[in-house]
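The structure appears right after this line, and notes come after that.
Residue numbers (UniProt numbering), protein chains in the order written: chain A, 1 to 444; chain B, 1 to 321.
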């Protein structure tokens, strides 16, 4: 059969064609309507494209794209979204190679500042700046501002410093959710005296990142005990890491974490904190072996499937209370910043939309995300916890600060600070730990 | 998802280009004038490998060496990275641990492997016994690290133990122990993992070598009245010297580069870090590529003499044959 030798190439081509078709962009799944009344102010930009690059992938990315689907439909702009886990290293490379996206969503202010200082980013247009003034607190605007120029509007947020507990246990034992740090310490002593369980459980083990949950503790205490000014000086090295105020924060934290009467319910002594994985560390709360566990909002996903996270559910959380009430209500957390490499009309329209309350509401409605946007309706939140977080973020009295270790240089924030926490829990005195972290701070 | 099709196409194009280039080279070599054909042939066939070596080995080695003399911002800073390495307490601990590792792992693995190989030699069920010890070799270092981390797992007294060793300790009436937290013995507990893996390797090679020792020699020694230890000491060991050197050097090189076990089990915390782990941490986590490169350079210098020695012994053996 003469034709046989054409059979294989033909099959390959056919298979390839099928693969290509199967991998083509899928338009389904988005919920758009014909009502464009809310999008009139962004103008018409038919046939224009805005490319967006960020760290957000998988379901989160799908949700993100869905929250601007209506915007695309009404303005005629096509948003080419690309998410990559390699964003942090790639964005610098792409910008240098002249291959920058139109818009980049930065997961932390440090990277944004690098790009702005390198002259790659365009300052935000006035419309966006005005929207951010209207929708966000000054704290948030500050994180999008580099050397006095405002570049990037905030997008989504996350909140740290929650203390998880079982409401039913509190009710049965007659314990109250503490409103100050001192009340929390009194409660801790009360639980220890009760002897039914240890008051706290913690786990700092996280592979090479072991120690990071401890940095969250220290950051929470510095912000609450010393106030936002000292916190800012601390993360920018305005004061040395071994400043007495910071050493004090270690010691305040140590009154909980380094006391074997208070930790580590379900796992053992103080040092078992270091060998307990952070994702398992909260489990004894549910098992009745410990009372309280300090962890960010994502802990909600660490509970076993079917756990009801609600004020009257299986488990619930309160925000770590203020140490010095006169310094105000303060929380730590994180969030993304949207910076632009171009200033074309369609990019500006996109930026304005992303800074608006409409985007925040669209995205939060889809669940699994919160934002500090004041125009966001807390009732749109996907869960009770998200709702609480949104209310905390929107409260005009709340001071918000970014996770400090994310703002410090990598040599400290993702190395010596983690290691310092490890040796501190392992028995090294706080002063010595702080001295050693200070000596690792990059010079110049 | 849409880029998968594109990637496939790229792969096809790349392979086609490779075949085309090789084809052209061969064609040109074949068409070369007779007078220089030999030289052209040699050059033509060596060039692809030589170019790959230059791009993939020589260039990175040179640029890493240059990097070792720069600071975090890429500015030259002389020998500061090396000063840091030999003065900072944490860096010194790293060097100390690497020395402990490179002394203990090859020694213990070889001793255990040799002893086992001798004892099971010609025993009943030798194959099964060999397979049992060889099996850990099939497990990746990361896998072994995770397994042993669970073995060493700790729960406080009075709480149900999840780690095998602490379970046994408690069953024997002892206090549970934090195996991985206390320096310096925690390094020993990590070394046990590496020995567990490498003993199988040593055993297989040495067992084969022992079988290669001429029977006449052993018999002659026995007739001369040598006891088993003397037979082993004076006949078997000299007979397998070459294999012993290969085993020792191979394990030493593997140990110098050890990274996975430390990173999986302690991530270099609790004073267990070794050079390879610290190199990664400094270069990719702490944003100090200069220090990472300096450590890489030291590692290279440590491995180099062993590789040279190994090559020399192998060459000598070939000459003897």
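Don't be surprised by glycine CBs; every beta carbon is placed ideally from N, CA and C. Note that the structure is a prediction, hence the values are computed from the model and not measured.
Legend entry - Straight-line gap, residue 41 (chain A) to residue 74 (chain A) (C-alpha atoms, nearest Å): The residue given as residue 41 (chain A) occupies position 41 in the first chain. The residue given as residue 74 (chain A) occupies position 74 in the first chain. Rounded to the nearest angstrom, the two C-alpha atoms are 10 Å apart.
Legend entry - C-alpha distance - residue 134 (chain A) paired with residue 441 (chain A), whole-angstrom precision: Here residue 134 (chain A) refers to the residue found at position 134 when the first chain is read from its first residue. Here residue 441 (chain A) refers to the residue found at position 441 when the first chain is read from its first residue. In a straight line, the C-alpha of residue 134 (chain A) is about 37 Å away from that of residue 441 (chain A).
Legend entry - Same chain, Cβ closer than 8 Å to residue 167 (chain B), neighbours up to 5 away in sequence not counted: Within the second chain, residue 167 (chain B) is the residue found at index 167, counting from 1. Hits under 8 Å: 161.
Legend entry - Where the segment 422–433 of chain A meets chain B: residues whose CB sits under 7 Å from a CB there: 422, 426
Inset, instruction - Write down the C-beta distance between residue 284 (chain A) and residue 266 (chain A) rounded to the nearest angstrom, noting that I regard them as a contact closer than 8 Å. - result: Taking the first chain and counting its residues from 1, one reaches residue 284 (chain A) at position 284. Taking the first chain and counting its residues from 1, one reaches residue 266 (chain A) at position 266. Their Cβ separation, rounded to whole angstroms, is 3 Å, which keeps residue 284 (chain A) and residue 266 (chain A) in contact under 8 Å.
Inset, instruction - Kindly indicate which three-state DSSP category residue 277 (chain A) falls into: helix, strand or coil? - result: If you number the first chain from 1, residue 277 (chain A) lands on position 277. Looking at residue 277 (chain A) - three-state DSSP - the assignment turns out to be strand.
Inset, instruction - Return the CA-CA distance between residue 202 (chain A) and residue 219 (chain A), expressed in angstroms with no decimal places. - result: Within the first chain, the letter at position 202 stands for residue 202 (chain A). Within the first chain, the letter at position 219 stands for residue 219 (chain A). In a straight line, the C-alpha of residue 202 (chain A) is about 16 Å away from that of residue 219 (chain A).
Legend entry - Contacts that residue 208 (chain A) makes with chain B (C-beta to C-beta distance below 8 Å): As a working note, residue 208 (chain A) is residue 208 in the first chain. Those are 263, 267, 268, 281, 285, listed as they occur along chain B.
Inset, instruction - Put residue 401 (chain A) into one of helix, strand or coil per three-state DSSP. - result: Locating residue 401 (chain A) in the first chain gives position 401, counting from the first residue. In this structure, residue 401 (chain A) counts as strand in the three-state DSSP scheme.
Legend entry - Sub-8 Å separation of residue 267 (chain B) and residue 210 (chain A) beta-carbons: For the purposes of this step, residue 267 (chain B) is taken as the residue at position 267 of the second chain. For the purposes of this step, residue 210 (chain A) is taken as the residue at position 210 of the first chain. Yes. Within cutoff.
Inset, instruction - Find the residues of chain B that neighbour residue 288 (chain A), judging by a C-beta separation of less than 9 Å, and give them in chain order. - result: The residue labelled residue 288 (chain A) in the question sits at position 288 within the first chain. Within chain B, no residue comes near residue 288 (chain A); the closest Cβ sits about 13 Å away, beyond 9 Å.
Inset, instruction - Could you tell me whether any Cβ in chain B is nearer than 8 Å to the Cβ of residue 120 (chain A)? - result: Within the first chain, residue 120 (chain A) is the residue found at index 120, counting from 1. Chain B contact via Cβ: absent.
Legend entry - Chain-ordered chain A contacts of residue 146 (chain B) [CB-CB under 7 Å]: Within the second chain, residue 146 (chain B) is the residue found at index 146, counting from 1. The premise fails here: residue 146 (chain B) is roughly 11 Å from chain A at the closest Cβ pair, so nothing lies under 7 Å.
Legend entry - Per-residue DSSP class, three states only, for residue 94 (chain B): Position 94 of the second chain, counting from 1, holds the residue named residue 94 (chain B). Helix, per DSSP.
Inset, instruction - Please classify residue 356 (chain A): does DSSP put it in a helix, a strand, or coil? - result: What you label residue 356 (chain A) is simply residue 356 of the first chain in a count that begins at 1. Three-state DSSP puts residue 356 (chain A) in coil, outside helix and strand.
Inset, instruction - Would you mind sorting residue 175 (chain B) into buried or exposed? The rule is 16 or more other CB atoms within 10 Å of its CB. - result: Counted from its first residue, the second chain places residue 175 (chain B) at position 175. Classification for residue 175 (chain B): exposed.
Inset, instruction - Using a threshold of 8 Å, state whether the C-beta atoms of residue 384 (chain A) and residue 301 (chain A) are closer than that. - result: The count along the first chain starts at 1 and reaches residue 384 (chain A) at position 384. The count along the first chain starts at 1 and reaches residue 301 (chain A) at position 301. It is not a contact, given that the beta carbons lie outside the stated cut-off.
Inset, instruction - Please check if any C-beta of chain A sits within less than 8 Å of the C-beta of residue 72 (chain B). - result: The count along the second chain starts at 1 and reaches residue 72 (chain B) at position 72. Chain A, which has a Cβ nearer than 8 Å to the Cβ of residue 72 (chain B), makes this yes.
Inset, instruction - Just tell me which of A:236, A:272, A:288, A:77 has its CA closest to the CA of residue 169 (chain A). - result: The sequence position of residue 169 (chain A) within the first chain is 169, counting from 1. Ranking A:236, A:272, A:288, A:77 by Cα distance to residue 169 (chain A) puts A:288 first.
Inset, instruction - Establish whether the CB of residue 288 (chain B) and some CB of chain A are separated by less than 8 Å. - result: Here the question's residue 288 (chain B) lines up with position 288 in the second chain. Residue 288 (chain B) counts as touching chain A.
Legend entry - Start-end ranges of the alpha helix (DSSP H) lying completely within the segment 101–147 of chain B, minimum 4 residues: 126–134
Inset, instruction - Give the DSSP-derived three-state secondary structure of residue 208 (chain A) in the structure shown. - result: By 1-based counting over the first chain, the position of residue 208 (chain A) is 208. Reduced to three states, the DSSP call for residue 208 (chain A) is strand.
Inset, instruction - Give the straight-line distance between the Cα atoms of residue 110 (chain A) and residue 152 (chain B), rounded to the nearest whole angstrom. - result: One-based indexing of the first chain puts residue 110 (chain A) at position 110. One-based indexing of the second chain puts residue 152 (chain B) at position 152. Their backbone Cα atoms lie some 39 Å apart in a straight line.
Inset, instruction - Determine contact between the segment 98–109 of chain A and the segment 377–391 of chain A, defined as no fewer than three beta-carbon pairs at a distance below 8 Å. - result: no
Legend entry - For residue 295 (chain A) and residue 303 (chain A), the rounded distance between their alpha carbons: In the first chain, the residue the question calls residue 303 (chain A) occupies position 303. In the first chain, the residue the question calls residue 295 (chain A) occupies position 295. Rounded to whole angstroms, residue 303 (chain A) to residue 295 (chain A) spans 12 Å at the Cα level.
Inset, instruction - Output yes if chain A places a C-beta closer than 8 Å to the C-beta of residue 226 (chain B); else output no. - result: Translated into positions along the second chain, residue 226 (chain B) becomes position 226. No, its Cβ sits nowhere closer than 8 Å to a Cβ of chain A.
Legend entry - Simplified DSSP assignment, three categories, for residue 25 (chain B): In the second chain, residue 25 (chain B) corresponds to position 25, counting from 1. Residue 25 (chain B): helix per DSSP, three-state reduction.
Inset, instruction - Kindly indicate which residue of A:353, A:176, A:292, A:125 has the alpha-carbon position closest to the one of residue 79 (chain A). - result: Working through the first chain from its first residue, we reach residue 79 (chain A) at position 79. When only C-alpha atoms are compared, the closest one is A:353.
Inset, instruction - Buried or exposed for residue 56 (chain A), please, with buried defined as at least 16 other CB atoms from any protein chain shown within 10 angstroms of its CB. - result: Indexing the first chain from 1 puts residue 56 (chain A) at position 56. Per the 10 Å Cβ criterion, buried.
Inset, instruction - Give me whichever residues DSSP pairs with residue 330 (chain A) in a beta bridge. - result: As a working mapping, residue 330 (chain A) is identified with position 330 in the first chain. Answer by DSSP bridge pairing, in chain order: A:399.
Inset, instruction - Could you name the residues of the same chain whose beta carbon sits closer than 6 Å to that of residue 65 (chain A), not counting the 5 residues immediately before and after it, in chain order? - result: In the first chain, counting from the first residue as 1, residue 65 (chain A) sits at position 65. Answer for residue 65 (chain A): 81, listed in chain order.
Legend entry - Option nearest residue 222 (chain A) by Cα separation, candidates A:429, A:368, A:248, A:239: As a position in the first chain, residue 222 (chain A) is number 222, starting the count at 1. Considering only alpha carbons, the answer is A:248.
Inset, instruction - State yes or no: is the C-beta of residue 101 (chain B) within less than 8 Å of the C-beta of residue 291 (chain B)? - result: To locate residue 101 (chain B), count along the second chain from 1; it is residue 101. To locate residue 291 (chain B), count along the second chain from 1; it is residue 291. Contact: no.
Legend entry - Spatial distance of residue 36 (chain B) from residue 218 (chain B) (CA atoms): Here residue 36 (chain B) refers to the residue found at position 36 when the second chain is read from its first residue. Here residue 218 (chain B) refers to the residue found at position 218 when the second chain is read from its first residue. Whole-angstrom Cα-Cα distance: 57 Å.
Legend entry - Contact the segment 350–369 of chain A vs the segment 112–129 of chain A: 3+ CB pairs below 8 Å: yes
Inset, instruction - Would you mind listing the alpha helix (DSSP H) stretches within the segment 46–95 of chain B that are 4+ residues and don't spill past its ends, in chain order? - result: 59–67, 80–87
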